[in-house]
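Protein chains in written order, with the working numbering: chain G, 1 to 435; chain P, 1001 to 1435; chain E, 2001 to 2435; chain H, 3001 to 3435.
Let me begin by presenting the structure, written as structure tokens, before commenting on it.
There are 4 protein chains.
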Amino acid sequence: MIPRYSRPAMTAIWSPESRFRIWFEIEAHATTALAEIGVVPKAAADKVWEMGRDATFDVARIDSIEAVTKHDVIAFLTHLAEIVGPEARFVHQGMTSSDVLDTCLNVQLVRAADILIADVDALLDALKHRAQEHKMTPTIGRSHGIHAEPVTFGLKLAQAYAEFSRNRARLVAAREEIATCAISGAVGTFANIDPRVEEYVARKMGLSPEPVSTQVIPRDRHAMFFATLGIVASSLERLAIEIRHLQRTEVLEAEEYFSEGQKGSSAMPHKRNPVLTENITGLARMVRSYALPAMENVALWHERDISHSSVERMIGPDATVTLDFALARMTGVIEKLLVYPANMQRNLDRLGGLVHSQRVLLALTQAGVSREDAYRLVQRNAMPVWRGEGDFLTLLKADTEVTKALTPEQIEECFDLGYHFKHVDTIFARVFGRA
Amino acid sequence: MIPRYSRPAMTAIWSPESRFRIWFEIEAHATTALAEIGVVPKAAADKVWEMGRDATFDVARIDSIEAVTKHDVIAFLTHLAEIVGPEARFVHQGMTSSDVLDTCLNVQLVRAADILIADVDALLDALKHRAQEHKMTPTIGRSHGIHAEPVTFGLKLAQAYAEFSRNRARLVAAREEIATCAISGAVGTFANIDPRVEEYVARKMGLSPEPVSTQVIPRDRHAMFFATLGIVASSLERLAIEIRHLQRTEVLEAEEYFSEGQKGSSAMPHKRNPVLTENITGLARMVRSYALPAMENVALWHERDISHSSVERMIGPDATVTLDFALARMTGVIEKLLVYPANMQRNLDRLGGLVHSQRVLLALTQAGVSREDAYRLVQRNAMPVWRGEGDFLTLLKADTEVTKALTPEQIEECFDLGYHFKHVDTIFARVFGRA
Amino acid sequence: MIPRYSRPAMTAIWSPESRFRIWFEIEAHATTALAEIGVVPKAAADKVWEMGRDATFDVARIDSIEAVTKHDVIAFLTHLAEIVGPEARFVHQGMTSSDVLDTCLNVQLVRAADILIADVDALLDALKHRAQEHKMTPTIGRSHGIHAEPVTFGLKLAQAYAEFSRNRARLVAAREEIATCAISGAVGTFANIDPRVEEYVARKMGLSPEPVSTQVIPRDRHAMFFATLGIVASSLERLAIEIRHLQRTEVLEAEEYFSEGQKGSSAMPHKRNPVLTENITGLARMVRSYALPAMENVALWHERDISHSSVERMIGPDATVTLDFALARMTGVIEKLLVYPANMQRNLDRLGGLVHSQRVLLALTQAGVSREDAYRLVQRNAMPVWRGEGDFLTLLKADTEVTKALTPEQIEECFDLGYHFKHVDTIFARVFGRA
Amino acid sequence: MIPRYSRPAMTAIWSPESRFRIWFEIEAHATTALAEIGVVPKAAADKVWEMGRDATFDVARIDSIEAVTKHDVIAFLTHLAEIVGPEARFVHQGMTSSDVLDTCLNVQLVRAADILIADVDALLDALKHRAQEHKMTPTIGRSHGIHAEPVTFGLKLAQAYAEFSRNRARLVAAREEIATCAISGAVGTFANIDPRVEEYVARKMGLSPEPVSTQVIPRDRHAMFFATLGIVASSLERLAIEIRHLQRTEVLEAEEYFSEGQKGSSAMPHKRNPVLTENITGLARMVRSYALPAMENVALWHERDISHSSVERMIGPDATVTLDFALARMTGVIEKLLVYPANMQRNLDRLGGLVHSQRVLLALTQAGVSREDAYRLVQRNAMPVWRGEGDFLTLLKADTEVTKALTPEQIEECFDLGYHFKHVDTIFARVFGRA
């Protein structure tokens, strides 16, 4: 997480201030619950809320206590006692530090997930808008980087829309994975705290109780969360690479928006480089890489060890902040993408009609030519075109073995671009629903 | 995927014979669908089924054709024509190789997922059985590898049960991710094939149609699938490491079953090593590692490139076969695990009562002592015990500052082991449901 | 490791036959060394060599013994005793299984490294040959996929040559890392075996003694080995992606060789797809992924645990066989690469001279124009060219602010292509040495 | 990189101030070199040094320029012109931004490597000191977590010393990998800048010229650098896990130093947790994970794309700062490690002599018993001991089949602990050299 690739709302989730605020809420809700079941005085719980609700927790003060105690939650509780007064002794009764830490982490991840889901929604909006705008803009479909058959630019964006719809569903599932709360004490047995406290705090914090915690909330949940972020990042990479390809000098079918005053290169002022999508490509590598330490975090020793903690202090912010930034950047790229239909048409026309060879092949077989013969006929007319020695349509019409099977009109029909787009509506309906 | 770590049912999914059989079914169903909408003769479709239904596809023959054509699907279709006769020219009409390859891969992954889900079910059964058997077997809970407070051995297994229940749900979701079918032609536009063919084949093969395919089914689906396998593997690693810890010479609370005739070591015949769970630990590393190339496969160029193919030829079998083997091995380990309650009790007693310190701390604060003072009192009696200079209960009773707050009976109550287990029922009900 | 992506020499290293042969050599050399220091009878050592030197070890027989003992080395020794007779009891004296297994693995990795180094040498030869052939073939240099300034195709290949020269040196270092031998007994103390035996076996097997082994040879060595393979694979990916880019329809500056009879696509017979380099791209992902479990293998417990073993049974063959195949495939691609200088020139000319803008910028500043002004002048003439509204040279000559600083001749000089290649010799000399 | 896990010297390398200072040095040295070969006025170069040598570069000012130009090097050069005056137009002549950026990154990585090498040296010192202190402290060697045969605690540390000696050599090689400089212009052809400038700047910055750069320095170098850091981290993990094991309650052979005032747990005041080594375990996961995006960075498009940049802005600091912190933390752990020889002896004695079974086995075979029989004899006496039904020595002496082969004295000799340590000197000499 570095400022250059951060946005404030996501960054704020991970500030010490946010963390201490969440800690306070967990502790205060737990104290209220303890009061409700008669373990601590109701007045004490009220006092905690009264003094703490609008308090500012002094990060520097807490840090200085932690420097001595080497224990962050004790440092916080010590500071809380300074704010609340003697009633503070009823706070944290029967709880263990991880009850606070793990529940807090999950609150932060839930909030991060909410932002990421909103980010994907914004990206989906942009994709849908541009997909509909270019629903029928012809462009060449490419496999292996080689011209294949025509598609529309809208179809490319519809594919991305479908992919990010899946990513949205995955993020919702990932959010669910980590939306749990543990207030279960030293080794998760509720020895010193009633399970009703956990249920109460969970409800208040928008979480559900963790069925079995063992001081910690099990890390398979978090691994699934971060792996999901890695998948979303991989989809971003796919879209980024598509745009980078389209912006290549020789292709130039689309371009990232280039703002006034922006300089592409100190050396080559004419250059307009796809730096945003290249940047997203790199960010995707980072987000993906965080899935691994998250998976290695699962196998904690016995009821817990603390090896996961340093990992999460790093990837918690790093993965969510970076993915948030990359999603937002991609949304901007899509919204403002410069699309060049004329260039798309020029590229489409480039191969002298060879992109229709599959259709010719099919027409030949449907006219009774064997698959092997049809293939041979198409290939012998295609190769000269490929070498720049003629136009596919003309050559086919001049090939007597071809004209034995197909009339000139039938051959010409194979070169009708619109033919390829007759099911675009079907696909759009699958993706966006019927209008 | 190596024989040593393979089981036959999963391995069979990936055999050439299975693959060609699935290819045949896809092609034959597609031909039937084409016949139903009048594109090819009904009789041709019938002939394909008639000749192919019980045919044995000659792997060596197909390989030898591929050696010339360097194209696997063409090689198969050529061989199919040898079996079916001239009607074979109606097969594969308007389709592209990837329609067959990608749909086949998903069929294989779905079948693999079904086996993995069954594997997890078997493991869940074993965990549940052993959890109930040891529901109230006391053992020490450990954080950081250090004795914390008592838990039961059943709770440890209930945690694993809850974790693998989540993994089951994740596998079901992962299966859903890749249960799609594409019969959409060269670049996914259905230019030469009606979308109804895809719908028909999907239904027959137990899949749903891919909303937008682009010659290939998008690889974010597969990435999610393999990432999920990595999570399941990480959970296996956690359970494996737990057992390895429990089998340590100094701990010896449980042991892998040791069969007659088995030799632990050529050099140290008394040794009984947790080799199965160590093996699972290594296998987990492998399954986890496959998530990465799967994620890198997402960003194919434009409508497709074929870089994903070599990756999937390797990790398709490797990840599913290895995880299947590891899950089955773990189920055997759990079913036959030798559990030593007496050793658990011995370890529990090892610290002279220090594991009850948290309870004493709580009793002191509940009796009105400040948190700081209570901490100090517990600590000054705990440290001598830790150094082997006395018993915690005796020392506390002799500490006048302690006895000012608590009666001897109140102190003794803090040492009641059963106290810790009063919510085991609650937790079991959360995990296994009310009896 | 799958047959499709395997070559026989590398595969043979990992066969059971090779493994048992190496085991025999280790055991027999150790017995000879034991005889030399008087621990076992000289005659026994001679007998071992006599009976075993040309023996065929029966893999099926050893497997069937292992099925009972569940221990591979004991199974082998049992079978060896069947071959050697009673003198076999002097074999393996004071040794532990890992002495055999770990030393054998390193012998296999050393042999694999030798093949990989030879593979890189072959690739270097191909790169050098083609680099010299195209030393002065002009082509456009691209940054961000956008035309930048002219380079030569030979320079591209020289870069690859330099990169693979580094990879060769890394492989030599990686080979050195794992070229060690351990014959140090149960926990590496030489309690029951003299260190001279290790020295003898090491020398005979072409290894050096491991300074401190602890039953096992430390796995940081293997991690470094496999990480190095991951780097080599990443360089292959870079070169593969370069070729895939050059073969794009719109670029078509180079093409993979396309053999007679090969079919690019069942649907589009004109297509010639860069399937070899796409395949290498995927294989690179796999080889890279193996670095991770290798790194996770380092942290074995205490003197050893066996979690590394399953990982190495998989990645030992998988990583080396796959990289060997990918290197050899790339060598073939480079040797037979179809290079199209005319297309390179056509692409170079595509931007109406804009690729010379940097030189114009420099000429302006050298003529006393400020950097900011020069940038502005170049930019205002470049933008119309970019939009297809004129030729850069013509526009510059017509810009009076430009011509105030530069004469027409000075402007024309900026468009001299040869100017860019004056240091090609320098770079070639750095890479290939002076002629 | 987060403050909690950072040390100031390493962090300073990555500050904007350091970066701009290095940029200045590169630009100023290049200007001097240009002056020496007569391309720019000598006075201009002098002015650059005069004004810039002690200048403070205004980070906020540069940021605000970059906000408009969206180009960091142009922003810096603009600010530099504000400092230097009109002579600034001679700066950066014929160079491209990457000449500055890439050379700067390598300077930073070289400085980081120097700190890491010094860190490893400090760790080696600590390991050597403690290894010699405990050269002859007996402790049990464990394989699979199970008692094997005796080793000394010094041997464990000597192993770590040998491993980190290798890591030191790897870091030196990794430093060499990235100690290169590129001043080669837009696409690396030196079209507008003489190669002598690169040679001059390289020499002044302590680097060597990159043989072929292509605007960027090739990223296989950086991949190797970060992969090496991942290996070092994996070794740290191994040592951390060893200490965590030794500190387990049931083992307690060593303990992290526990400072006054430190609180292990808010709930269990007696607990002394190995939190430093657990923390290092987590940090190792992070450093290891950075190797992957570094490897993915290798395959830049053509002469360069900028996808590597965001990755390096993150992992450059993250990997080096985290590893520096982890190494230093480990050095502190080793220096102050509390070692408990009495507990080691107690654990050694725990198995009633079974750890000597291998020696008994050997004595039996040397006395003429067949390997199979000897194994059986040892096993039948070992199993009762394992079940707590007797002492190994006593049982062996009472086994008539054993006493047929060995005298009581010979049996007793097998139980001599010192026997295992006779080659400790040999091993220490291998690792630390002869005294």
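Quick reminder that beta carbons are idealized off the backbone N, C-alpha and C, glycines included.
Remember, it's a predicted structure, so these values are computed and weren't measured experimentally.
Cα-Cα separation between residue i and residue j, rounded to whole angstroms
i         : j         : result
P:Asp1305 : G:Ser143  : 6 Å
G:Gly437  : G:Arg168  : This structure leaves residue 437 of chain G out entirely; chain G is present only between 1 and 435.
P:Gln1215 : G:Ile146  : 13 Å
H:Cys3414 : P:Glu1250 : 23 Å
H:Ala3043 : H:Arg3203 : 22 Å
E:Ala2319 : E:Tyr2290 : 7 Å
H:Ala3382 : E:Leu2101 : 26 Å
H:His3483 : E:His2245 : The question about residue 3483 of chain H has no answer, for chain H in this structure spans 3001 to 3435.
E:Gly2038 : E:Thr2032 : 10 Å
E:Leu2364 : H:Leu3077 : 18 Å
E:Phe2258 : G:Trp386  : 14 Å
E:Leu2300 : P:Ile1243 : 16 Å
H:Val3287 : G:Ala342  : 48 Å
P:His1092 : P:Glu1255 : 57 Å
Residue i - partner residues in DSSP beta bridges
i         : result
G:His302  : DSSP lists no partner for G:His302.
P:Pro1209 : P:Cys1181
E:Ala2254 : E:Val2339
P:Val1216 : P:Thr1214
Where the alpha helix (DSSP H) containing residue i begins and where it ends
i         : result
P:Pro1138 : From DSSP, P:Pro1138 is part of no alpha helix (DSSP H) but of the beta strand (DSSP E) over Pro1138 to Ser1143.
H:Thr3461 : In the structure displayed, chain H extends from 3001 to 3435; residue 3461 of chain H sits before or after that span and is not available.
P:Trp1023 : Pro1016 to Glu1036
G:Leu364  : Ser357 to Gln366
H:Leu3101 : Ser3097 to Glu3133
From the options, residue whose alpha carbon lies closest to that of residue i
i         : options                                       : result
H:Ile3183 : H:Phe3226, H:Asn3297 and H:Val3212            : H:Val3212
H:Asp3114 : H:Thr3403, H:Arg3019, H:Ile3013 and H:Ala3126 : H:Ile3013
E:Glu2199 : E:Glu2412, E:Ile2026, E:Pro2293 and E:Phe2226 : E:Ile2026
E:Ala2009 : E:Gly2332, E:Phe2325 and E:Pro2218            : E:Phe2325
P:Leu1338 : P:Gln1410, P:Ile1411, P:Leu1252 and P:Pro1209 : P:Leu1252
H:Leu3124 : H:Arg3288, H:Ala3160 and H:Ile3411            : H:Ala3160
Element boundaries [beta strand (DSSP E), containing residue i]
i        : result
G:Val151 : Ile146 to Thr152
Do the stretch 275 to 295 of chain G and the stretch 3310 to 3330 of chain H meet, that is, are 3 or more Cβ pairs less than 8 Å apart? Yes, the stretch 275 to 295 of chain G touches the stretch 3310 to 3330 of chain H.
Count the CB pairs spanning the stretch 2044 to 2064 of chain E and the stretch 2075 to 2094 of chain E that are closer than 8 Å, and state whether there are at least three. yes
Is the number of C-beta pairs between the stretch 1236 to 1254 of chain P and the stretch 1271 to 1278 of chain P that are closer than 8 Å three or more? Touching, yes, given that three or more Cβ pairs across the two stretches are closer than 8 Å.
Any 3 or more C-beta pairs closer than 8 Å across the stretch 3413 to 3430 of chain H and the stretch 3352 to 3359 of chain H: yes
Would you call the stretch 1088 to 1102 of chain P in contact with the stretch 1063 to 1070 of chain P, where contact means no fewer than 3 C-beta pairs closer than 8 Å? no
Inter-stretch contact (C-beta, 8 Å, three-pair minimum) for the stretch 3378 to 3393 of chain H and the stretch 2105 to 2124 of chain E: no
Would the stretch 3002 to 3022 of chain H count as touching the stretch 2427 to 2435 of chain E if we require 3 or more Cβ pairs under 8 Å? no
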